[in-house]
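S.K.: Using the numbering used here, the first residue of the sequence shown is number 1, and each one after it goes up by one.
Provided herewith is a single structure, encoded as structure tokens, for subsequent inquiry.
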Amino acid sequence: MDGAALTCCSCGAVLGRPEPDRSPFHSSFTLRRPRTGSRGLSTVRSLIVRTSPTISPVRYLAGAFAGIALFAGLYVFFVRTLTGQAMDQLAFDGAEFGRRSVTPWAQELLDAVPLVSVVIGLLLTGVVTVVRRNGKTLIVAFGAALGAVVSTQLLKMAILTRPDLGIEGYDGNSFPSGHTTVAAASALAVFLVVSPRTRGLAALGGSGFAIVAGVATLANGWHRPSDVIAALLVVAIWGCVAGLVLTRGPWCRGTLGEGRTIRPSGVDRLQLRIFIPVAVVAVAAFLVTWFRAFGDTPSTLIAYIGGVTAIVAAGLGIGLTGIRLFARLP
């Protein structure tokens with residue numbers, strides 16, 4: 001009975017009445033043991049993925065504007081200023097050291113770049129698209145690649161000019177490089193359609209292909225280092241445009257969710273380990289060439305080494321940045 005005293009069965013001692021719960025929350029809240037079964041956990045996980053925020057377009061807008069700023073700075077310094085033209089031409093002249101040994105294979109590579117880029121790009125993107133059933137991304141990837149190639153030709157042929165500042169050498173505008181753009185654009189298309197877990201490998205292979213094509217144009221006397229780096233930036237800008245399209249509107253395929261972001265793989269760390277020392281060499285060679293560009297003994301070899309390492313560093317740096325920007329794109 002309520003209010004009755006309790007008596008111990010063994011000794012008969014009176015224990016007294018139980019104190020009623022006077023908590024003001026007693027009648028309002030009931031504590032229950034949380035569900036710990038697999039069904040409950042799977043429900044929670046599915047809710048987390050479904051309610052995860054979409055990728056912010058700010059990252060792609062920032063990447064595009066950063067690429068445009070770097071492209072503009074590269075053009076203004078290396079094409080429109082006397083010092084920049086002198087440094088670029090020194091690297092171009094220094095390519096004579098490598099031209100003696102690499103010209104045969106460089107010429108063959110450059111001749112094959114357009115065809116190889118188109119064939120490999122179409123083959124890989126087509127196969128991956130069929131496997132992943134991702135036709136929308138394929139359309140965006142092809143659009144970005146085509147936009148990069150067309151914009152490079154428009155910039156070089158119709159928009160940008162190279163003033164004659166008295167620097168000996170080819171005085172026509174070659175900024176940016178068309179061959180490098182084609183190679184990098186095909187790599188971009190593959191990078192966009194592959195799965196998140198293989199994007200690091202695609203970035204490494206694509207960056208390597210574009211770097212080899214770019215260095216070959218320098219070694220063969222077709223382009224200056226700034227032309228090659230500018231081409232890589234053009235493709236990077238269009239990559240950011242593609243990322244913006246793929247995360248908004250009818251082209252959006254969602255995101256991986258906050259808890260499913262792909263972490264950097266061993267391939268990414270390998271790229272970083274290569275990038276850091278190469279970038280240090282490029283900066284050191286740039287500074288040496290800067291101070292000795294108008295000296296009595298300007299070093300064309302150092303300028304050439306600086307140009308090659310700058311191309312390698314730019315390719316790897318853009319690849320690493322792309323991996324981070326597209327880490328949550330499914």
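Beta carbons: idealized from backbone N, C-alpha and C, even for Gly.
Hey, out of 288, 187 and 313, whose CA is closest to residue 86's CA?
M.R.: Against the sequence shown, residue 86 aligns to sequence position 86. Per the Cα distances, 288.
S.K.: Let's see if you can read the secondary structure: which residues bound the alpha helix (DSSP H) around residue 304?
M.R.: Residue mapping note: residue 304 aligns to position 304 of the sequence shown, counting from 1. Element bounds for residue 304: 300 to 325.
S.K.: According to DSSP, simplified to helix, strand and coil, what is residue 259?
M.R.: By one-based count along the sequence shown, residue 259 stands at place 259. Since pLDDT at residue 259 reaches only 41, below the 50 mark, its modelled position is unreliable, and the value read off the structure follows with that caveat. It is helical.
S.K.: Please state whether DSSP places residue 214 in a helix, a strand or coil.
M.R.: Taking the sequence shown and counting its residues from 1, the one referred to as residue 214 is at position 214. Three-state DSSP puts residue 214 in a helix.
S.K.: Are the region 159 to 166 and the region 189 to 201 touching, with three or more C-beta to C-beta distances below 8 Å?
M.R.: Touching, no.
S.K.: Evaluate contact between the region 273 to 284 and the region 69 to 89, counting only Cβ atoms and requiring at least three cross-stretch pairs below 8 Å.
M.R.: Verdict: no, contact absent.
S.K.: In the DSSP assignment, the alpha helix (DSSP H) including residue 91 goes from what residue to what residue?
M.R.: For the purposes of this step, residue 91 is taken as the residue at position 91 of the sequence shown. 82 to 94 is the span of the alpha helix (DSSP H), which, as asked, contains residue 91.
S.K.: How is residue 167 classed by DSSP in three states: helix, strand or coil?
M.R.: On the sequence shown, position 167 is the one that residue 167 refers to. In this structure, residue 167 counts as coil in the three-state DSSP scheme.
S.K.: Assign residue 291 to buried or exposed, taking buried as 16 or more other Cβ atoms, counted over all protein chains shown, within 10 Å of its Cβ.
M.R.: Here residue 291 corresponds to residue number 291 of the sequence shown, with the count starting at 1. It counts as exposed.
S.K.: Name the two residues that bound the continuous alpha helix (DSSP H) containing residue 276.
M.R.: As a first step, residue 276 is located in the sequence shown; it is residue number 276 there, counting from the start. It spans 266 to 292 - the alpha helix (DSSP H) in which residue 276 sits, taken as one unbroken run.
S.K.: Using the C-alpha atoms, what's the distance from residue 92 back to residue 303?
M.R.: One-based indexing of the sequence shown puts residue 303 at position 303. One-based indexing of the sequence shown puts residue 92 at position 92. About 8 Å.
S.K.: Which residues in the same chain have their Cβ closer than 8 Å to the Cβ of residue 27, if we skip the five residues on either side of it in sequence?
M.R.: As a working note, residue 27 is residue 27 in the sequence shown. Because the pLDDT of residue 27 is 44, which lies under 50, any placement of that residue in the model is unreliable, and the question is left without a value.
S.K.: Any idea what DSSP makes of residue 222, helix, strand or coil?
M.R.: Taking the first residue of the sequence shown as position 1, residue 222 is located at position 222. Coil at residue 222, not helix or strand.
S.K.: What does the alpha-carbon distance come out to for the pair residue 51 and residue 138?
M.R.: Locating residue 51 in the sequence shown gives position 51, where the first residue counts as 1. Locating residue 138 in the sequence shown gives position 138, where the first residue counts as 1. Here residue 51 scores only 33 on pLDDT, less than 50, and its place in the model should not be relied on; the value that follows carries that caveat. Those two C-alpha atoms are separated by around 26 Å.
S.K.: Grouping DSSP H, G and I as helix and E and B as strand, with all else coil, what is residue 176?
M.R.: In the sequence shown, residue 176 corresponds to position 176, counting from 1. Residue 176 falls in the coil class under three-state DSSP.
S.K.: Which same chain residues, not among the five before or five after residue 348, have their C-beta less than 7 Å away from its C-beta?
M.R.: The structure shown has nothing for residue 348, since the chain only spans 1 to 330.
S.K.: Taking Cβ to Cβ, would you say residue 94 is nearer than 9 Å to residue 237?
M.R.: Numbered from its first residue, the sequence shown carries residue 94 at position 94. Numbered from its first residue, the sequence shown carries residue 237 at position 237. Against a cut-off of 9 Å, the Cβ pair of residue 237 and residue 94 comes out as no contact.
S.K.: Could you say which of 276, 266, 309 and 83 lies nearest to residue 384 if we only look at CA atoms?
M.R.: Since the displayed the chain opens at 1 and closes at 330, residue 384 lies outside it and no answer follows.
S.K.: Answer with buried or exposed for residue 342, where buried requires no fewer than 16 other C-beta atoms within 10 angstroms of its C-beta.
M.R.: Because the chain in this structure spans residues 1 to 330, residue 342 falls outside the shown range and cannot be described.
S.K.: Under a Cβ-count criterion, where at least 16 other Cβ atoms within 10 Å of its own Cβ denotes burial, should residue 150 be classed as buried or exposed?
M.R.: Position 150 of the sequence shown, counted from the first residue, corresponds to residue 150. Exposed, by the Cβ-count rule.
S.K.: Check whether the Cβ atoms of residue 142 and residue 243 sit closer than 9 Å, and answer yes or no.
M.R.: Along the sequence shown, one-based indexing puts residue 142 at 142. Along the sequence shown, one-based indexing puts residue 243 at 243. Not closer than 9 Å, so no.
S.K.: Counting only the same chain and skipping the five closest in sequence on each side, list residues whose C-beta sits under 7 Å from that of residue 171.
M.R.: Counting from one through the sequence shown, the residue named residue 171 turns up at place 171. Closer than 7 Å at Cβ, skipping near neighbours: 162 and 164.
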